[in-house]
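Asker: Below is a structure I'd like to ask you about.
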Amino acid sequence: MERKNVNRGFRQLRVWQDAVVLYVLACDMFSKFPFEHKKVASNAIDAAHSISRNIAEGYCRRSLKEYLNHLNIALGSWWGVSLLL
Numbered sequence: 000m001e002r003k004n005v006n007r008g009f010r011q012l013r014v015w016q017d018a019v020v021l022y023v024l025a026c027d028m029f030s031k032f033p034f035e036h037k038k039v040a041s042n043a044i045d046a047a048h049s050i051s052r053n054i055a056e057g058y059c060r061r062s063l064k065e066y067l068n069h070l071n072i073a074l075g076s077w078w079g080v081s082l083l084l
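So in numbering that gives the first Met the number 0, spot 2 of the sequence shown is number 1, and the numbers just go up one at a time.
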């Protein structure tokens, strides 16, 4: 099934906007972790950033299957961040 998203971009998606806000909050919160927890903090920030990136990348794909796959990856990243909060 072919799918085109020409009328609006992923930046208009509420879920993408919320993912960007989560990334900013994660950066703020996890950057204050003590040195011995920097690896955990870095992984959490990377996972938070991965959410918005996967939503955007999936949105730009041509097939619904690829879009859903990227949303599934974003969901997995969200779980990774939520477990550390």
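The C-beta atom is built at its ideal place from N, Cα and C for all residues, glycine as well. Computed from a prediction, not measured in an experiment: that's the story for all the values here.
In three-state terms, what does DSSP make of S30?
Answerer: Counted from its first residue, the sequence shown places residue 30 at position 31. Coil, per DSSP.
Asker: If you check the beta carbons only, do V19 and S51 fall under 7 Å apart?
Answerer: What you label residue 19 is simply residue 20 of the sequence shown in a count that begins at 1. What you label residue 51 is simply residue 52 of the sequence shown in a count that begins at 1. Going by C-beta atoms, V19 is nearer than 7 Å to S51.
Asker: Let me know if W78 comes out buried or exposed under the rule of 16 or more other beta-carbons within 10 Å of its beta-carbon.
Answerer: Residue 78 sits at position 79 when you count from the first residue of the sequence shown. Result: exposed.
Asker: From what residue to what residue does the alpha helix (DSSP H) around L63 run?
Answerer: Taking the sequence shown and counting its residues from 1, the one referred to as residue 63 is at position 64. From DSSP, the alpha helix (DSSP H) with L63 extends over L63 to L83.
Asker: What's the C-alpha gap between V14 and N68?
Answerer: On the sequence shown, residue 14 is found 15 positions in, with the first residue counted as 1. On the sequence shown, residue 68 is found 69 positions in, with the first residue counted as 1. Each residue's Cα considered, the two are about 16 Å apart.
Asker: Taking only heavy atoms of the ligand SAM into account, decide whether any of them is closer than 6 Å to the Cβ of H69.
Answerer: What this structure holds is no ligand at all, so the ligand SAM is not there to describe.
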